[in-house]
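First the structure, in the form of C-alpha cells, and then the observations on it.
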Amino acid sequence: MNNDTSKLIHKQIILDLTKRTLERDKKKISGLKMQRAFSFWFDTKIKELHNELNLIKSQLSKLGIKIQAENKVDDLITEYVILERGSTYTLRYMNVALRNQCEDEVKQLLELK
4 MNNDTSKLIH
14 KQIILDLTKR
24 TLERDKKKIS
34 GLKMQRAFSF
44 WFDTKIKELH
54 NELNLIKSQL
64 SKLGIKIQAE
74 NKVDDLITEY
84 VILERGSTYT
94 LRYMNVALRN
104 QCEDEVKQLL
114 ELK
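Read in order, the letters of the sequence shown are residues 4 to 116 in this note's numbering.
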C-alpha cells in the first residue's frame, strides 16, 4: 500500500467519523432557539461530507481497496480492517487521535482553521 493510498484510507476514516459525529450532534440541537439555522448548516455539511466520502470510496474501489470493518478494541484503540485485492491489513488508531482529527475536520467545516 503506497503513501497516497494510505492518505485516502485515512481521509475516508476521518470523514466518516466526522459525518457520524455531525449526524449525532444534529439530534441534540432541538432545544436551541436557532434550531432551524443550525439544522440547515448540519444538513448542508453532512451532505458535503457524504459526497466527498463517495468520491474517496470510488477512488479506493478503483484501486481494489475497501474498509471492511471498524472494531473498537477497547476504550483507547479502534482498529480498521482494510481489504486490498485479496490482502488484509489492519490499521490501529488511538481514539483520542481520531477525536482530535475529527475535531480539526469540524473546525475546517466551520472555517475556523
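Don't be surprised by glycine CBs; every beta carbon is placed ideally from N, CA and C.
Rounded to the nearest angstrom, what separates Met97 and Leu20 at their Cα positions? If you number the sequence shown from 1, residue 97 lands on position 94. If you number the sequence shown from 1, residue 20 lands on position 17. Roughly 14 Å separates the two Cα atoms.
Using DSSP bridges, identify the partner residues of Glu87. The sequence position of residue 87 within the sequence shown is 84, counting from 1. Bridge partners of Glu87: Ile68 and Ser90.
Return the bridge partner residues of Arg95 from the DSSP annotation. Here residue 95 corresponds to residue number 92 of the sequence shown, with the count starting at 1. Under DSSP, the beta-bridge partners assigned to Arg95 are Glu82.
So what's Asn74 in DSSP terms, helix, strand or just coil? As a first step, residue 74 must be located in the sequence shown, where it is residue number 71. In the structure shown, Asn74 sits in a strand (DSSP, three-state: E or B).
For Glu82 and Arg95, believed in contact at Cβ under 8 Å, the rounded distance: Walking along the sequence shown from the start, residue 95 turns up at place 92. Walking along the sequence shown from the start, residue 82 turns up at place 79. Indeed they touch by this definition, with Cβ atoms about 5 Å apart.
In the structure shown, what three-state DSSP assignment does Glu108 receive? Here residue 108 corresponds to residue number 105 of the sequence shown, with the count starting at 1. Correct three-state label for Glu108: helix.
If the criterion is Cβ atoms closer than 8 Å, does the pair Leu52 and Leu18 meet it? Along the sequence shown, one-based indexing puts residue 52 at 49. Along the sequence shown, one-based indexing puts residue 18 at 15. Yes.
Can you give me the start and stop residues for the alpha helix (DSSP H) that Ser33 sits inside? On the sequence shown, residue 33 is found 30 positions in, with the first residue counted as 1. Looking at the DSSP string, Ser33 is not in any alpha helix (DSSP H), and its letter there is neither H nor E.
Which first and last residues belong to the alpha helix (DSSP H) in which Lys29 is found? For this step, residue 29 is matched to residue 26 along the sequence shown. Lys29 -> alpha helix (DSSP H) spans Asn6 to Lys29.
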